[in-house]
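Asker: In our numbering, the protein residues as written are 127 to 331.
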Ligand SMILES: [Cu+2]
């Protein structure tokens, strides 16, 4: 299944700039710096590996001290090479931090920067249905870069136990964390699911 970016709908990040959005834009500026650094990770052990981190750190620290954190782990830049390619349907799942809830996510691996949707199957950890008044929300962050998405995804119930989140957009390749936030009368809890966004496709490959 190929999901095209929606060119006609307004892009969420272009709405009125609230303080929250401004923070996200600042995070993007930070992210773009890192993206440029990670686009062509040199083979580990090569001479370029030793030279690049220093250059990256210098460039990053000109933007923000936080950006320097992203430049110190060249092994993380190599991980996306083994990730499923864009267009691949994937399913990831796990149990919430305090063990209350279970969430499984189904989506098609997006291109970097492509709007996509995620379907979430959420239940109690033992597989029993959530209470009818349960709410589910979805977010994604890059913990190593200390930023989230630039969009504000919207999650709506589809069927019993199933929710769909529209408006997800991973604007960088690399290590993301999906956060499925579940709230019921028994309490709020969060399922964290790691996902590696693969790099942009190389033309001709
Ligand atoms: Cu990032």
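Where a beta carbon is used, it is the ideal one built from N, C-alpha and C, also for glycine.
Just so you know, these numbers come straight off a predicted model, no measurement behind them.
Run through DSSP, which three-state label would residue 235 get?
Answerer: For the purposes of this step, residue 235 is identified with residue 109 of the chain shown, where counting begins at 1. Here residue 235 sits in coil by DSSP.
Asker: Quick one: measure Cβ to Cβ for residue 277 and residue 295, integer angstroms, because I've assumed they're closer than 8 Å.
Answerer: In the chain shown, counting from the first residue as 1, residue 277 sits at position 151. In the chain shown, counting from the first residue as 1, residue 295 sits at position 169. Contact holds; Cβ gap of about 5 Å.
Asker: Could you name each continuous alpha helix (DSSP H) segment of 4 residues or more that falls completely within the stretch 244 to 331, going from the start of the chain to the end?
Answerer: Listed in chain order, there is nothing to give.
Asker: How many Å lie between residue 233 and residue 216 at the Cα?
Answerer: Along the chain shown, read from residue 1 onward, the residue named residue 233 stands at position 107. Along the chain shown, read from residue 1 onward, the residue named residue 216 stands at position 90. Approximately 6 Å between the Cα atoms of the pair.
Asker: Here's a check: name, in chain order, each residue in its chain whose Cβ is nearer than 6 Å to the Cβ of residue 281, leaving out the five neighbours to either side.
Answerer: In the chain shown, counting from the first residue as 1, residue 281 sits at position 155. Excluding sequence neighbours, residue 281 sits near 262, 263, 264, 289, 291.
Asker: Please find out if some non-hydrogen atom of ligand 1 comes closer than 7 Å to the beta-carbon of residue 271.
Answerer: Here the question's residue 271 lines up with position 145 in the chain shown. Because some heavy atom of ligand 1 lies under 7 Å away, the Cβ of residue 271 counts as near it: yes.
Asker: Which residues share a DSSP beta bridge with residue 241?
Answerer: Here residue 241 corresponds to residue number 115 of the chain shown, with the count starting at 1. Note: residue 241 sits in a beta bridge opposite 295.
Asker: Report all residues from its chain with a CB closer than 8 Å to the CB of residue 253; omit the five preceding and five following residues, and keep chain order.
Answerer: For the purposes of this step, residue 253 is taken as the residue at position 127 of the chain shown. So the list reads 228, once near-sequence residues are dropped.
Asker: Residues bridged to residue 228 by DSSP?
Answerer: In the chain shown, the residue the question calls residue 228 occupies position 102. DSSP lists 221, 249 as partners of residue 228.
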